[in-house]
Amino acid sequence: MIEELRQSQRKPLKVKALLAMDGQPPVAGRTLDINANGVCVAQEQPCQVGRTGTVKFDIFYDGKPNSITAKVKVAYCIFSSGEFKLGLTFVNLDLSAMSIVAKYLK
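All letters in the sequence shown, in the order written, are residues 1 to 106 by full-length UniProt numbering.
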């Protein structure tokens, strides 16, 4: 049985994302959901658990896009429905990004 590791509720978020793991070129993907601690991104390439990098995506709130750029660490990588789903944990999310995420999650 798999234990639930999330510590906060997820909310669907379906937008384009760009994930650049440290030392690698950026890879296009799309977000699936988000919570206060991280974001799930689907992409065509696998990624090793424990790697760090940067993810960029927009959250639409108050009728306008709010850009998020965040340092992340890969918590899991699973192959499902022809793509890789990456669980990305935010690392030292800055106050501005944290505020945008919190508003979206309300």
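We treat Cβ as the ideally placed atom computed from N, Cα and C, and that holds for glycine.
Residue i, DSSP secondary structure in three states
i	result
residue 55	strand
residue 77	strand
residue 24	coil
residue 67	strand
residue 50	coil
residue 83	strand
residue 3	The pLDDT assigned to residue 3 is 48, lower than 50, so where the model puts this residue is not dependable, and the model offers no usable value.
Close Cβ partners of residue i (< 6 Å) along its chain, the five nearest in sequence each way excluded
i	result
residue 46	77, 84
residue 104	59, 61
residue 1	For residue 1, the pLDDT reaches just 45, beneath the cut-off of 50, and the residue's location in the model is therefore unreliable, although a value from the coordinates is still provided. Closer than 6 Å at Cβ, skipping near neighbours: no residue.
residue 51	21, 74
Terminal residues of the alpha helix (DSSP H) in which residue i lies
i	result
residue 162	Shown here, the chain extends from 1 to 106; a query on residue 162 therefore has no answer.
Beta-carbon proximity of residue i to residue j, cut-off 7 Å
i	j	result
residue 88	residue 27	no
residue 29	residue 43	yes
residue 19	residue 74	no
residue 70	residue 36	no
residue 79	residue 38	no
Residue interval of the beta strand (DSSP E) (run including residue i)
i	result
residue 33	27-35
residue 45	Element bounds for residue 45: n/a, residue is neither H nor E.
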